[in-house]
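Below: one structure, written as structure tokens.
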Amino acid sequence: MHNDKKIYGIAATFKTPDEIINAAKKVSSAGYIQYDVNTPYPVHGMDAAMKIKPSKLGFVTLVMGLAGAALALLMMYYMMSVDYPMVIGGKPFFALPAFIPVTFELTVLLATLSTVGAMIALFFRLPDNQHPLHDTAYMKSVSGDKFGLVIEASDVKFDEKSVTDFLKSLHALNTEIIYYPEEVAYPIFQPKFIMFLIAISVVVSGGTYFMLNKLVYMTPFNWMMDQDKLTPQKPSELFADGRGMRTPVEGTVAQGFIPYPYKGQTNPTEVLANPFLPTKENIALGKAKYFTYCTPCHGDFADGDSRLRGQFPNPPTLHSKRARDFSDGMIYHIITNGQNVMPSYASQITRDERWAIVNYVRVLQRAKNASDADLIDMNKEAGSNVAN
Amino acid sequence: MNVDYSQEGPVVAGRLTLAQIEELVAKPMDTKPDKKYFIALSISLTALSIGAICLGLTFFYGVGLWGNNQPVGWAVDIVNFVFWVGIGHAGTLISAILFLLRQKWRTGIARFAEAMTIFAVMCAGIFPAVHTGRPWMDGYLFPYPNQHGLWVNFTSPLLWDVFAVSTYFTVSFVFWYVGLIPDFATLRDRTSSKIKKTIYSVFSLGWRHSNRHWTHYEKAYVLLAGFATPLVLSVHTIVSFDFAVSIIPGWHTTIFPPYFVAGAIFSGFAMVVTVLVFVRKIFDLQHIITLDHLEKMNKVILATGMMVGYAYAMEFFIAWYSGVSSETFVFINRALGPYAWAYWIMVSCNVIFPQFFWFKKIRRSIPIMMVIVILVNVGMWFERFVITVTSLNRDFLPSSWAYYTPTIFDLGILLGSFGLFFTLVILFTKSLPVVSISEVKAVADGAQPTHHRGEHHA
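Shown next as structure tokens:
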């Protein structure tokens with residue numbers, strides 16, 4: 143009745159473990175290669191009878207175990223010693239003894255998971271619920287208490303008649319011809335299935351959105367944020383004006399914001415003296431602040447070559463005779479007070495930083511207008527004659 | 027009774043055939059649950075829901091509902107955690123260590139013990155997760171790249187715990203599942219229900235009992251057992267580091283790792299015996315889980331109980347011998363201080379009562395064994411209580427000494443964890459084979475070839 147079907151193999155069942163060992167030996171010495179033994183539990187001595195080589199699974203375990211150890215150490219080295227080094231309990235950044243437990247755990251984790259994963263997917267080629275042996279009387283009996291042997295049609299020596307006779311000669315309980323099952327089509331893109339996928343994705347994404355963006359802001363998850371204290375810019379019922387913030391007493395001066403006496407004047411007759419010497423550190427600070435606040439309009443070397451490319455009026459160069467003749471206090475005053483279209487920088491740059499910028503502007507002016515005497519000085523300092 | 031110890035007795039009693047073994051083990055899954063099952067399930071679900079309510083209230087109002095005070099900042103939550111992790115250790119010991127030691131008798135109880143491991147670790151996991159105060163933030167326990175640019179502290183024992191317990195759970199679960207694959211295949215081939223067949227087919231992955239697969243399978247089993255063995259020792263070692271790495275007198279001792287591991291096996295075996303006594307009776311598995319099994323486990327309980335007793339004695343000896351006054355003070359307080367009642371419950375349950383297991387009659391008497399193993403469970407819970415609370419309640423500053431009492435919420439959550447454990451156990455007994463079918467078949471009489479050839483013989 144199955145004549146139109148393709149044969150997978152011929153199976154025989156046996157009653158005792160002794161018989162199956164004997165049968166496996168006979169089959170293997172008869173020269174069959176594509177055959178298998180199916181037993182409800184591993185029968186001792188079967189590997190030798192079938193001449194199966196020892197499993198190579200251990201290599202997967204070895205390699206992945208070593209990889210787990212290496213990855214764990216590398217991860218902890220990066221996190222604790224490179225990305226965010228912090229002294230904890232006086233230990234070194236790379237505290238090897240303290241890293242051993244996690245290294246061990248990750249070694250075991252990676253080794254076991256990859257051993258099992260490799261065994262199932264690579265060595266067994268499972269899951270495979272479409273195998274021809276499934277749902278046969280043969281499979282049912284070897285799943286229970288019989289011992290079975292199947293010679294596959296893919297073997298070069300396979301011949302339906304001779305294999306059946308051969309198996310019968312081994313005193314098999316019975317033999318069965320196993321056919322390939324009819325191809326089962328799985329129409330994946332059925333409307334039902336697509337709807338199912340859509341429903342799952344909606345539920346998962348909606349749930350995630352709800353958890354991350356709504357739930358943690360709900361009672362009681364938000365209790366940590368809900369505290370009985372005044373916060374800036376928030377209303378409060380405690381005060382008559384309904385504000386949480388208080389206006390300071392008149393005349394209050396914020397720390398570091400002593401009022402500037404020459405505010406609003408264009409050319410004050412008396413200006414302050416520079417309290418800082420042009421030391422290396424001070425000039426470095428001035429340079430940093432100059433690059434942040436001044437270069438957009440004045441240019442990197444104070445030439446007035448704005449990086450804004452005409453989107454804002456270009457300021458004049460700071461290397462003009464007039465600018466060079468400004469006192470330090472005058473430049474400080476212009477930064478503090480603003481001049482023409484230049485606004486005041488008093489709120490962005492602290493006093494000390496403004497003086498540092500003044501020192502740096504002086505450096506730029508001297509560098510752009512150096513004299514021969516400056517070169518001699520420089521060579522003396524550098525101990526070379528580069529400038530000659 | 028004269029026993030010939032030169033010969034191993036039969037592992038499966040009653041000369042069962044392979045088909046009978048399969049029939050026995052598969053019976054709970056083939057039959058509809060009876061009234062007793064639902065009564066048991068409703069009791070455990072009641073306990074579970076009491077715990078769930080207490081946990082829910084703790085989530086809502088915070089850990090202020092618990093009895094923790096200053097100086098006892100660590101209390102019943104950590105006690106329960108260590109207790110449940112310890113319970114889990116018996117399963118891995120039976121499934122992995124006894125496997126490596128070629129103890130064939132383990133086959134009858136390994137599956138059940140492994141399942142108990144998984145359930146116990148699930149119960150244990152609740153407590154560290156909840157004691158953080160805001161458990162919905164527990165994701166920060168894992169090192170993932172976050173917007174704060176922060177990493178977890180890899181030098182902290184509490185972080186080692188996160189890795190140890192989660193690895194332990196994962197590996198135990200995988201080990202358990204690998205063992206279940208052939209049994210799923212057997213169940214798939216014997217069921218007549220279409221729904222069951224689909225479920226078993228999916229979980230069996232299409233296993234064909236092929237000998238070419240068994241070769242790798244057995245290798246994998248050895249490898250997994252080889253990894254699970256040091257893993258189980260490492261887990262309770264790391265749990266003990268939570269205490270031992272601190273500098274609190276009473277905690278800061280090097281004996282803790284072996285002492286904790288012995289205690290874990292002790293309490294775990296007691297719990298396995300407690301549950302197995304019922305299971306073998308209810309499901310008629312007396313031939314597979316025999317009295318010999320229980321006796322062997324009772325011997326392990328006796329041995330580990332004495333290890334634990336030795337550790338108790340050694341702690342006192344070192345407290346005196348080291349000459350550290352604060353250490354001596356803590357230990358005198360343990361035995362004679364405000365928590366002396368807990369200390370003596372611990373000593374009597376863990377050291378004195380198991381001594382009855384020296385008598386063979388008692389080792390083989392189910393009622394007496396039940397009393398003793400339940401006392402051991404109680405005693406081991408109190409051991410963790412004594413270690414945690416008595417070391418803290420009288421700290422360095424006498425003005426802050428305080429007596430700790432757990433609140434109803436603490437006890438409710440403990441009850442809930444028992445409810446969760448037994449609910450899972452009860453569901454497991456009806457939905458999965460509680461005994462490994464393929465492993466027990468392989469050790470039954472006449473299951474292996476009789477010839478004596480090469481290194482393989484029965």
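Residue numbers (the working numbering), protein chains in the order written: chain A, 143 to 530; chain B, 27 to 484. Note that beta-carbon positions come from the ideal geometry of N, C-alpha and C, so glycine has one too.
Buried versus exposed call for tyrosine 280(A) [16 or more other C-beta atoms within 10 Å across all chains shown]: buried
Inter-stretch contact at 8 Å, needing at least 3 Cβ pairs: the stretch 287-294 of chain B / the stretch 429-439 of chain B: no
Residue interval of the beta strand (DSSP E) (run including phenylalanine 156(A)): Run containing phenylalanine 156(A): 149-156, per the beta strand (DSSP E) assignment.
Burial state of histidine 157(B), where buried means 16 or more other Cβ atoms lie within 10 Å: Buried.
Span of the beta strand (DSSP E) around glycine 405(B): Careful: glycine 405(B) lies outside any beta strand (DSSP E), inside the alpha helix (DSSP H) at 392-411.
DSSP state of phenylalanine 352(A) mapped onto helix, strand, coil: helix
Nearest-angstrom Cα separation, counted from glutamate 161(A) out to serine 285(A): 17 Å
Rounded C-alpha distance that separates leucine 238(A) from methionine 218(A): 9 Å
Alpha-carbon spacing of aspartate 164(B) relative to phenylalanine 189(B), whole angstroms: 13 Å
Residues that serine 260(B) contacts on chain A, provided the C-beta gap is smaller than 9 Å: Simply Pro243, Phe246, Glu247 and Val250.
CB contact below 8 Å: histidine 475(A) versus chain B: no
Three-way DSSP call (helix, strand, coil) for arginine 420(B) in this model: coil
Spatial distance of proline 468(A) from glutamine 507(A) (CA atoms): Here the sequence assigns phenylalanine to residue 468(A), which means proline is not the residue at that position. Going from the Cα of phenylalanine 468(A) to the Cα of glutamine 507(A) covers about 11 Å.
8 Å Cβ cutoff met for phenylalanine 411(B) and isoleucine 398(B): At a Cβ-Cβ threshold of 8 Å, phenylalanine 411(B) and isoleucine 398(B) do not count as neighbours.
Contained beta strand (DSSP E) runs [length at least 3] in the stretch 227-304 of chain A, N- to C-terminal order: 289-294
Beta-carbon proximity check, leucine 248(A) vs glycine 210(A), cutoff 8 Å: yes
Three-way DSSP call (helix, strand, coil) for asparagine 566(A) in this model: Any question about residue 566(A) goes unanswered here, given that chain A covers just 143 to 530.
Environment of leucine 44(B) [buried if 16+ CB atoms lie within 10 Å]: The residue is buried, with at least 16 neighbouring Cβ atoms inside 10 Å.
Spatially closest choice to isoleucine 400(B) from Ser443(B), Thr300(B), Val469(B) and Pro424(B), by CA coordinates: Thr300(B)
Classification of alanine 426(A) by the beta-carbon crowding that lies within 10 angstroms, buried from 16 upward: Exposed, since its Cβ has fewer than 16 Cβ neighbours within 10 Å.
Neighbourhood of serine 378(A) by C-beta, 6 Å cutoff - its chain only, sequence neighbours within 5 removed: Leu372 and Gly386
Straight-line gap, glutamine 272(A) to glutamate 324(A) (C-alpha atoms, nearest Å): 10 Å
Where the beta strand (DSSP E) containing tyrosine 177(A) begins and where it ends: 177-180
Where serine 197(A) meets chain B, residues with beta-carbon distance less than 9 Å: Thr241, His242, Tyr243, Glu244, Lys245 and Ala246
Nonlocal neighbours in the same chain, by C-beta distance under 7 Å from serine 230(B), ignoring five residues either side: Ile207, Phe210, Ala211 and Arg214
Element boundaries [alpha helix (DSSP H), containing histidine 319(B)]: Its alpha helix (DSSP H) spans residues 317-347.
Whole-number beta carbon distance between proline 243(A) and phenylalanine 235(A), since they are thought to touch under 8 Å: So it is not a contact: roughly 18 Å between Cβ atoms.
Counted within 10 angstroms of its Cβ, other Cβ atoms place proline 183(B) as buried (16 or more) or exposed: buried
Among Ser352(B), Ile392(B), Phe267(B) and Phe109(B), nearest to leucine 418(B) - alpha-carbon criterion: Ser352(B)
Beta-ladder partner(s) of methionine 484(A), from DSSP: Gln481(A)
Glycine 335(B) beta carbon less than 8 Å from that of methionine 372(B): no
Buried versus exposed, by CB contacts within 10 Å (16 or more), glutamate 140(B): So glutamate 140(B) ends up on the buried side.
Bridge partners - tyrosine 321(A), DSSP secondary structure assignment: Beta-bridge pairing links tyrosine 321(A) to Ile149(A).
Range of the contiguous alpha helix (DSSP H) that encloses alanine 155(B): 133-157
Collapsed DSSP secondary structure at arginine 385(A) in the structure displayed: Strand at arginine 385(A).
Cutoff 8 Å: leucine 506(A) Cβ touching any chain B Cβ: no
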